[in-house]
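If you count the sequence shown from 1, position 40 lands on 168 in our numbering, and the numbers rise without skipping. Quick reminder that beta carbons are idealized off the backbone N, C-alpha and C, glycines included.
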Amino acid sequence: MVKNEKLLKSIAQDRVARLFDMAKDRTLKLGSNDPLSKRYVGIAKDISTHYRIPADMRMKAEVCKACAAVLIPGMTCSVRLASRVGYLVLRCKCGEEKHIFYRR
Ligand SMILES: [Zn+2]
């Protein structure tokens with residue numbers, strides 16, 4: 129057990145958030161996902177796994193699980209409502225779909 133485990137975890141959380149912001153900024157600037165932004169997301173995932181911190185909620189909602197692309201509606205993914213079942217469908221360019229429920 130490391131003495132300053134709380135400190136380490138808070139530093140790791142800051143780094144995960146910063147890496148995700150960098151990936152999102154780069155994707156917004158270029159208009160598509162490039163290998164570097166996917167690499168930033170990969171490093172952020174590795175850090176959160178290594179330090180056993182819960183995944184950033186923004187990352188959970190805005191990153192494709194299959195290809196690690198940052199999902200930005202109208203730019204890197206399409207959005208539609210599945211109103212019958214009550215969820216939002218984000219479809220990545222790789223074909224992977226993410227469902228976000230809005231009705232309980
Ligand atoms: Zn994808």
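Only counting the same chain, and skipping five residues up and downstream in sequence, which positions put a Cβ closer than 8 angstroms to that of residue i?
i    : result
I171 : L147
R231 : G214 and Y215
How is residue i classed by DSSP in three states: helix, strand or coil?
i    : result
V213 : coil
R232 : coil
K226 : strand
Starting from residue i, trace the alpha helix (DSSP H) both ways and give me its first and last residue.
i    : result
E190 : M185 to E190
V198 : No alpha helix (DSSP H) contains V198, which DSSP labels as neither H nor E.
E133 : E133 to L158
Y179 : Element bounds for Y179: n/a, residue is neither H nor E.
If I measure Cβ to Cβ from residue i and keep anything under 6 angstroms in the same chain, skipping five residues before and after, which residues do I get?
i    : result
A194 : C222 and E224
A183 : S176
Could you pull out every residue in the same chain whose Cβ sits closer than 7 angstroms to the Cβ of residue i, ignoring the five residues on either side in sequence?
i    : result
M150 : Y168
S165 : A151, R154, T155 and V198
My assumption, with CB atoms under 8 angstroms, is that residue i sits in contact with residue j. Please give the rounded CB distance.
i    : j    : result
M203 : G159 : 6 angstroms
Task: Chain-ordered list of residues that sit, by beta carbon, closer than 5 angstroms to a heavy atom of ligand 1 - done: That query returns the following residues: C192, A194, C195, A197, C220, C222 and E224.
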